[in-house]
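Residue numbers (the working numbering): 47 to 108.
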Amino acid sequence: MLLITFTIHILFEIAIVYFRQIQYGEKKSKAILYNFLTFLLIIPFVFLGAFTGRVLSGNLEW
């Protein structure tokens with residue numbers, strides 16, 4: 047379920063950022079490229095944070 051909500055959230059986020067870039071005068075091709083590159087840069091950090099949190103919660107007692 048978490049993967050489904052994450053995917054839906056990312057799709058909405060990409061659409062919003064794309065349309066805002068177009069609204070601010072960016073060319074469509076550059077807006078698509080910037081969104082794609084940003085997506086590629088952010089996703090590994092999201093997964094790293096998710097799995098680091100799981101490891102920390104399993105190994106540490108608070």
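Beta carbons are placed, not taken as given, at the ideal position from N, Cα and C, and that holds for glycine.
Residue range of the unbroken alpha helix (DSSP H) whose run includes residue i
i     : result
Tyr64 : Leu48 to Gln69
Lys76 : Lys74 to Asn105
Exposed unless 16 or more other CB atoms sit within 10 angstroms - verdict on residue i
i      : result
Ala127 : With the chain running from 47 to 108 in the structure shown, residue 127 is simply not present.
Inspect the CB distances between the segment 80-87 and the segment 60-68 and report whether three or more fall short of 8 Å.
-> The segment 80-87 and the segment 60-68 touch, with no fewer than 3 CB-CB distances between them shorter than 8 Å.
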